[in-house]
Amino acid sequence: MILTFFYHLGRFVNLLKLMIARPENGGMYWKETMRQMNDIGIGSLIIVCMIALFIGAVSAVQIAYQLGGQIVPMYYTGYIVRDMTIIEMAPTLTCLVLAGKVGSNIAAEIGGMRQKEQIDALEIMGVNTAAYLVFPKIIAALFVVPLLVAIAAFVAIIGGYLAVVPTGMITESEYVFGLRSFFVPYNITIMFVKAVVFGVILTSIPAYQGYFVGGGSMELGQANMNAVVYSNITILFFDFIITLMMT
Amino acid sequence: MILSIFYHLGRFVNLFRLMISKPEKFSMYWKETTRQMNDIGVGSLIIVGLIALFIGAVAAMQFAYQLEGTFVPLYYTGYVVRDMTIIELAPTITCLVLAGKVGSNIAAEIGGMRQKEQIDALEIMGVNTAAYLIAPKLIAALFVVPLLVAISAFISIMGGYLAVVPTGMITESEYVLGLRTFFVPYNVFMMFVKGFVFAFMLSAIPAYQGYYVKGGSIELGKASTNAVVFSDVAILLSDYVIALMLT
Amino acid sequence: MIRAVDIKKSFDDVEVLKGISTVFEKGKTNLIIGRSGAGKTVFLKLLVSLMSPTDGDIWYDDVNITTLNKRELIDLRKDIGMLFQGSALFDSMTVEENIRFPLDMFTKKTKKEKQDRVDEMIEVVNLEGSNNKYPGEISGGMQKRVGIARSIVLNPKYLFCDEPNSGLDPKTSLVIDELIQKITRENKITTIINTHDMNSVMEIGEKINLLHQGRLAWVGNKDEVLESDNELLQNFIFASPFLQRLRKRAMNNK
Numbered sequence: 001m002i003l004t005f006f007y008h009l010g011r012f013v014n015l016l017k018l019m020i021a022r023p024e025n026g027g028m029y030w031k032e033t034m035r036q037m038n039d040i041g042i043g044s045l046i047i048v049c050m051i052a053l054f055i056g057a058v059s060a061v062q063i064a065y066q067l068g069g070q071i072v073p074m075y076y077t078g079y080i081v082r083d084m085t086i087i088e089m090a091p092t093l094t095c096l097v098l099a100g101k102v103g104s105n106i107a108a109e110i111g112g113m114r115q116k117e118q119i120d121a122l123e124i125m126g127v128n129t130a131a132y133l134v135f136p137k138i139i140a141a142l143f144v145v146p147l148l149v150a151i152a153a154f155v156a157i158i159g160g161y162l163a164v165v166p167t168g169m170i171t172e173s174e175y176v177f178g179l180r181s182f183f184v185p186y187n188i189t190i191m192f193v194k195a196v197v198f199g200v201i202l203t204s205i206p207a208y209q210g211y212f213v214g215g216g217s218m219e220l221g222q223a224n225m226n227a228v229v230y231s232n233i234t235i236l237f238f239d240f241i242i243t244l245m246m247t
Numbered sequence: 001m002i003l004s005i006f007y008h009l010g011r012f013v014n015l016f017r018l019m020i021s022k023p024e025k026f027s028m029y030w031k032e033t034t035r036q037m038n039d040i041g042v043g044s045l046i047i048v049g050l051i052a053l054f055i056g057a058v059a060a061m062q063f064a065y066q067l068e069g070t071f072v073p074l075y076y077t078g079y080v081v082r083d084m085t086i087i088e089l090a091p092t093i094t095c096l097v098l099a100g101k102v103g104s105n106i107a108a109e110i111g112g113m114r115q116k117e118q119i120d121a122l123e124i125m126g127v128n129t130a131a132y133l134i135a136p137k138l139i140a141a142l143f144v145v146p147l148l149v150a151i152s153a154f155i156s157i158m159g160g161y162l163a164v165v166p167t168g169m170i171t172e173s174e175y176v177l178g179l180r181t182f183f184v185p186y187n188v189f190m191m192f193v194k195g196f197v198f199a200f201m202l203s204a205i206p207a208y209q210g211y212y213v214k215g216g217s218i219e220l221g222k223a224s225t226n227a228v229v230f231s232d233v234a235i236l237l238s239d240y241v242i243a244l245m246l247t
Numbered sequence: 001m002i003r004a005v006d007i008k009k010s011f012d013d014v015e016v017l018k019g020i021s022t023v024f025e026k027g028k029t030n031l032i033i034g035r036s037g038a039g040k041t042v043f044l045k046l047l048v049s050l051m052s053p054t055d056g057d058i059w060y061d062d063v064n065i066t067t068l069n070k071r072e073l074i075d076l077r078k079d080i081g082m083l084f085q086g087s088a089l090f091d092s093m094t095v096e097e098n099i100r101f102p103l104d105m106f107t108k109k110t111k112k113e114k115q116d117r118v119d120e121m122i123e124v125v126n127l128e129g130s131n132n133k134y135p136g137e138i139s140g141g142m143q144k145r146v147g148i149a150r151s152i153v154l155n156p157k158y159l160f161c162d163e164p165n166s167g168l169d170p171k172t173s174l175v176i177d178e179l180i181q182k183i184t185r186e187n188k189i190t191t192i193i194n195t196h197d198m199n200s201v202m203e204i205g206e207k208i209n210l211l212h213q214g215r216l217a218w219v220g221n222k223d224e225v226l227e228s229d230n231e232l233l234q235n236f237i238f239a240s241p242f243l244q245r246l247r248k249r250a251m252n253n254k
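Chains as they are written, first to last, in the numbering used here: chain A, 1 to 247; chain B, 1 to 247; chain C, 1 to 254.
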């Protein structure tokens, strides 16, 4: 168990090391990076907005419910929803779902290329496949995932509003007052740091799983699943580490 | 878009109508169900424990950090960690990760059987494949996932303890006092309802995706991704609906 | 010319190749044949440097590739073309984009020059009119032809073909074989083909290497196949009793 962990870790680091090399042709890498940004960013926009809406709504409803009958004033709902979504919910939940969508896509794509000998074909041409297949995805995620997380945080706060204000649980002015109370800009920094780190995790781990996939379709399914699960665990682990270091 | 939603919804409901029938041989179904319980439950135990630990730790640290400098007493950390994990984090995050692990597994398994004509082979034998392949997974998930969620909530609270007490952020007696304050047994009921509903989502949707998969390994990969993404969205949607109805 | 000198390869404790020495000649279609599990695929992967041998040397003209480092290997690979068993076309690219890919990646040609080269290739492999189709939309034989076009677009000195006939009907197989032979002769390429298709053997077998259980069992050309009394060879080529009777009759008529 421990040994296989280090085996995978070593091979993972090695893959990332192979990745760092002068591109054969900058233009091709640029084009591929743009394509990935479109796939990862635009392709996930609707889902990210949808889940953000629910996340915000759930948080607001539940907090309003918990605050009912307590000494804490109702406008705290807005304040807690804002901080909870910015610091925790938007980056973590968005990236968990993105690991399911983007991550499993990456594992399936690279794994399929490995199985259909397309990676060998690229190698024979003299392409550095570790770089060409993995690097553009990581760079694209590095730029796009923080944007998605920021959008998620924004939409979640709107979702919270829609869940509690029109239903009359708290008034609009209370919610907005809460949103404006105790605002710490540093929390935004935490959010972006999390998003950048999670973005790297949810592309590099699935890429690793796909790159080293074995023979059949069973293995591809397994790699796909491992990609999602290991990205999820690593995301939650780094969530903990970042919280530890930044708060 | 709207039409395709109704198309899938109709076929989904139809699949479950097909499922309801007298089992050909009860003992076969029983054996399969217990095997699935083992796969889903015991197979996910370590991962669920691991993520619960991180979730609790993050929640506790973030709350302790946010409460600093406000007039809310520090022992609230324990109280908020307990309620947040029980109501929201344990069921939702556990099930999002389980959708990635169990869900993509179910989609890949049933989809692989479809592509290798094993489902056709079972049909020719006269087996009700909708029932034999899906019902045991569904029933196993409905029993086992709520248990996993309960374990996750318990470990999260311990994780919160480990993150803030030994590090001296708050004292042990404060944390424990918080844990014991304002306890509403109804919240535990809510947790189980969520666990139960999410269990349905994360087993039924992937089973559907796998059962109707077509074509080659690319489609199988896509079905697996869709299984995870749609379960994730369905989980978060029903999370909101449950929060709305039960609070 | 490619020369293999006493090649050995083991996986864990299993020795798959037990010392193979042979020469693949320039401008000829060199075949590696043998039954499933004879070590053909491993041998081919060693020759193209996708794997490295446990022992032995591989010479590309006067370069020993087993001593090259990664960078030198990548430079060498610009001279190598390879046709894969499943064609290994990139699914998300059209026929034209697949063929153009090596040009995009490794040359500084203008758009016009690239397009001219692509059109020339498409003509060579007779795929006019399929420029903008995706690999999923064309037949297996056409995919193979796109694969050939892609592998020779940079004018390689060495061409490798892994089971170029697998999954094709005999007639289409013949077309692919003749195409490979024509390209080999016209461009003076060293071509190495890994096959177990006996039609190919008798059609384009200018130099045939028979592998058996990790060793070289027989070497010769297609004309020598009939006359050889090597039992392994005869069992491989004339596998069915029917074909064996035909061979006997042919020998008696001589």
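Backbone N, C-alpha and C define an ideal beta-carbon position, used for all residues, glycine too.
Query	Result
Own chain partners of A/Pro91 with C-beta closer than 7 angstroms, once the 5 adjacent residues on each side are dropped	Val149, Met191, Lys194, Ala195 and Phe198
Nearest residue (CA-CA) to C/Glu206, options C/Lys112, C/Arg185 and C/Ala88	C/Arg185
Terminal residues of the alpha helix (DSSP H) in which C/Thr195 lies	Unbroken run through C/Thr195: none, as it is neither H nor E.
Integer-rounded CB distance, given that B/Ala59 should sit under 8 angstroms from B/Leu162	No, B/Leu162 and B/Ala59 are not in contact; Cβ-Cβ is about 12 angstroms, not under 8 angstroms.
Closer than 8 angstroms to chain A by CB, B/Lys101	yes
Nearest candidate by alpha-carbon position, reference C/Ser130, set C/Glu96, C/Gly141 and C/Met121	C/Glu96
Contact check, B/Ser224 vs A/Gly112, beta carbons under 8 angstroms	no
Beta-carbon spacing of B/Tyr76, B/Gly178 below 8 angstroms	yes
Boundaries of the beta strand (DSSP E) in which C/Asp162 is found, first to last residue	Tyr158 to Asp162
Straight-line gap, A/Leu45 to C/Glu128 (C-alpha atoms, nearest Å)	40 angstroms
Per-residue DSSP class, three states only, for C/Arg35	coil
Contact under 8 angstroms by Cβ, B/Ala90 with B/Ala52	yes
Cα-Cα separation between A/Met89 and B/Val81, rounded to whole angstroms	15 angstroms
Below-8 angstroms beta-carbon distance, A/Leu147 vs any chain B residue	no
8 angstroms Cβ cut-off: residues of chain A touching B/Ser249	Residue numbering for chain B in the displayed model covers 1 to 247; residue 249 of chain B lies beyond these limits and cannot be assessed.
8 angstroms Cβ cutoff met for C/Asp162 and C/Phe84	yes
Cβ pair B/Asn187, B/Ile86 closer than 8 angstroms	yes
Chain-ordered neighbours of B/Tyr208 on chain A, where CB pairs are closer than 7 angstroms	Per Cβ cutoff of 7 angstroms: no residues; B/Tyr208 is ~16 angstroms from chain A at best.
Helix, strand or coil at A/Asn25 according to DSSP, with G and I counted as helix	coil
C-beta neighbour in chain A for B/Glu32, strict 8 angstroms	no
Alpha-carbon spacing of A/Met169 relative to A/Cys49, whole angstroms	23 angstroms
Classification of B/Val42 by the beta-carbon crowding that lies within 10 angstroms, buried from 16 upward	exposed
Close beta carbons around A/Ala99, own chain, < 7 angstroms, minus the five adjacent residues each side	Leu202, Val228, Ser231, Asn232 and Ile235
Interface residues of the stretch 31-65 of chain A facing chain B [CB-CB below 7 angstroms]	Ile47, Met50, Ile51, Phe54, Ile55, Ala57, Val58, Val61, Gln62 and Tyr65
The stretch 86-100 of chain C / the stretch 58-77 of chain C touching (three or more Cβ pairs under 8 angstroms)	no
Where the beta strand (DSSP E) through C/Leu211 begins and ends	Lys207 to His212
C/Met202 (DSSP reduced to helix, strand or coil)	helix
Pick from C/Ile7, C/Arg150, C/Ile152 and C/Ile33 that is closest to C/Lys18, judged by C-alpha positions	C/Ile7
Coarse secondary structure for C/Ala88, derived from DSSP in three states	coil
DSSP bridge partner residues for C/Trp218 (one or two, in chain order)	C/Leu210
Neighbourhood of C/Lys144 by C-beta distance below 6 angstroms, restricted to the same chain and skipping five residues each side	Ser87 and Ile176
Chain-ordered residues of the stretch 150-163 of chain A with a beta carbon less than 7 angstroms from chain B	none
Residue nearest to C/Met142 in terms of C-alpha spacing, selected from C/Thr94, C/Asn187, C/Lys182 and C/His196	C/Thr94
Minimum Cβ-Cβ distance from A/Ala130 to chain C less than 8 angstroms	no
Beta carbon proximity, B/Phe54 to chain A, threshold 8 angstroms	yes
Interface residues of chain B facing A/Leu244 [CB-CB closer than 7 angstroms]	Met61
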